[in-house]
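Asker:
There are 2 protein chains.
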Amino acid sequence: MAANSTVESIILGCLTTHPMSGYEIKQLISLSTSLFYNASYGSIYPILKKHEESGLVSVEELIENGRFKKIYHLTEKGYSAFLTWLEETPQPITMRNDMLVRLFFFNNLTREKQSDITRMYLDHLRDFRQRLENIAPAAAAYSDPYKEYTLRWGKDFYVFLIEWYEKLLSDLE
Amino acid sequence: MAANSTVESIILGCLTTHPMSGYEIKQLISLSTSLFYNASYGSIYPILKKHEESGLVSVEELIENGRFKKIYHLTEKGYSAFLTWLEETPQPITMRNDMLVRLFFFNNLTREKQSDITRMYLDHLRDFRQRLENIAPAAAAYSDPYKEYTLRWGKDFYVFLIEWYEKLLSDLE
DNA sequence: TTATTCATGTAATTTGTTACATGATTCT
DNA sequence: AGAATCATGTAACAAATTACATGAATAA
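In order, the protein sequence lines correspond to chains A and B.
Okay, so the first sequence: first residue is -11 according to the numbering used here, each after it adds one.
Okay, so the second sequence: first residue is -11 according to the numbering used here, each after it adds one.
(1) For Phe56/A, count the other beta carbons within 10 Å of its own beta carbon; 16 or more makes it buried, fewer makes it exposed. Which is it?
(2) By the 10 Å Cβ neighbour count, where 16 or more other Cβ atoms means buried, how is Arg90/A classified, buried or exposed?
(3) Just checking: is the beta-carbon of Asp144/A within a distance shorter than 9 Å of some beta-carbon in chain B?
(4) Please state whether DSSP places Tyr33/B in a helix, a strand or coil.
(5) Output the distance between the C-alpha atoms of Gly10/B and Ser20/B, rounded to the nearest integer angstrom.
(6) Take the Cβ of Ile175/A as the centre, count every other Cβ of all protein chains shown within 10 Å, and call the residue buried at 16 or more, exposed below.
(7) Could you tell me whether the Cβ of His112/A comes closer than 9 Å to any Cβ of chain B?
(8) Output the boundary residues of the beta strand (DSSP E) element that contains Glu49/B.
(9) Which one or two residues does DSSP pair with Leu160/B in a beta bridge?
(10) Could you tell me whether the Cβ atoms of Asp163/A and Gln79/B are closer together than 9 Å?
(11) Would Tyr137/A and Phe94/B be called neighbours here (beta carbons separated by less than 9 Å)?
(12) Within 8 Å, do at least three Cβ pairs link the region -8 to 8 of chain B to the region 60 to 72 of chain B?
(13) Quick check on DSSP: helix, strand or coil for His39/B?
(14) Which of the residues in the region -9 to 12 of chain A, read from start to end, lie with their CB under 7 Å from any CB of chain B?
(15) Got a sec: is the Cβ-Cβ distance from Lys135/B to anything in chain A below 9 Å?
(16) Please state whether DSSP places Glu149/A in a helix, a strand or coil.
(17) Counting contacts by CB-CB distance shorter than 9 Å, is Gln118/A in contact with chain B?
(18) Grab the span of the alpha helix (DSSP H) containing Leu23/B for me, first residue to last.
Below is the structure:
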């Protein structure tokens, strides 16, 4: 009866802040947890349906500004399922880091290409970091220190990556 | 004709070091790239078949110590496909970081539970880091600086994580 | 008036893992 | 003798994305 996948729990977690629509959940995930856990509409809507069926959320249908909306509310059962999940042992970190895979095989390239490609990687990373910096103010409005912490983590992670590749580049030269 | 998924290219990349079996490819991936890109037999064997059909690898069948083996060799076509891939723009990093998801919703816990759970996270991270440290010597035998770099990355990443959560814990207390 | 955003949802496809099946060899 | 490792492979299943379909409101 408890939510058993992480996405299922994220959705419940979003609803702990306030009742919202599937669309709003997607937006919230996109500009907050997407860096370390993402979800698409194709996942969100079917899960909401499932949550409704198992009584973890309740649905309020309304028309706002002429737009049909379904606002999902967390039930008590849903909240306790969420709390149970929150204290469980976390899943190990998994990632797909394409740059590192390529670096693993760098010996197949000339020294010059190695440097060029590393510089390209750095450009990408700096670019991405900047984009993170730009969404920061919007997310800071939560006035929830833990949401700020996770946002900070994203920035710190990219600083770590940039410094790491800068070091690599200087080693190559 | 070129390999178009990352796993497809990793397999070609493994074969640039020397010809090997599907079993050996799986082992190599497990103790080298698995941290930032993993693959199971269920992916590897079908891809090898596909690579053979498209002429990127050739197969040598033999019996060694009474064991039937299929040794895969990279063809010239396969090597040039690999090199093309190697210079392409990398895919963005994606990850699943369950701890951060939970941290994002930490406001639903008492301060005491927050600290306890953070300590549990640190235990997990330190444990994992130690395991990385243990496989280091085996992988160092490659005498390929880039393979060592990626191994180092894994260790650096876990140092980053541990320091980050230590800082979090001291903030909580 | 046209593009974008808001809003919901499904079907097809992709991607990949897990579990199973098989069998020989080697280590304890 | 029995457990672990070597070795190949498939089928079932799971998870998730992409693309599509629909349509209203709003911003340019």
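All C-beta atoms, glycine included, are put in the ideal place defined by N, C-alpha and C.
Remember, it's a predicted structure, so these values are computed and weren't measured experimentally.
Answerer: According to the data block:
(1) exposed
(2) buried
(3) yes
(4) helix
(5) Going by the C-alpha atoms only, they are around 15 Å apart.
(6) Examination of residue 175/A is not possible in this model, given that chain A is present from -11 through 161 alone.
(7) yes
(8) Boundaries of the beta strand (DSSP E) around Glu49/B: 45 to 52.
(9) The partner list for Leu160/B (beta bridge, DSSP) is empty, contrary to what the question assumes.
(10) Given a span of -11 to 161 for chain A in the structure shown, any question on residue 163/A remains unanswerable.
(11) The answer is yes: Cβ separation under 9 Å.
(12) yes
(13) His39/B falls in the helix class under three-state DSSP.
(14) Thr(-6), Ile(-2), Gly1, Thr4
(15) yes
(16) For the sequence presented, residue 149/A should be read as Leu rather than Glu. In the three-state scheme derived from DSSP, where H, G and I count as helix and E and B as strand, Leu149/A is classed as helix.
(17) no
(18) Note, Leu23/B: premise wrong, no alpha helix (DSSP H); not H, not E.
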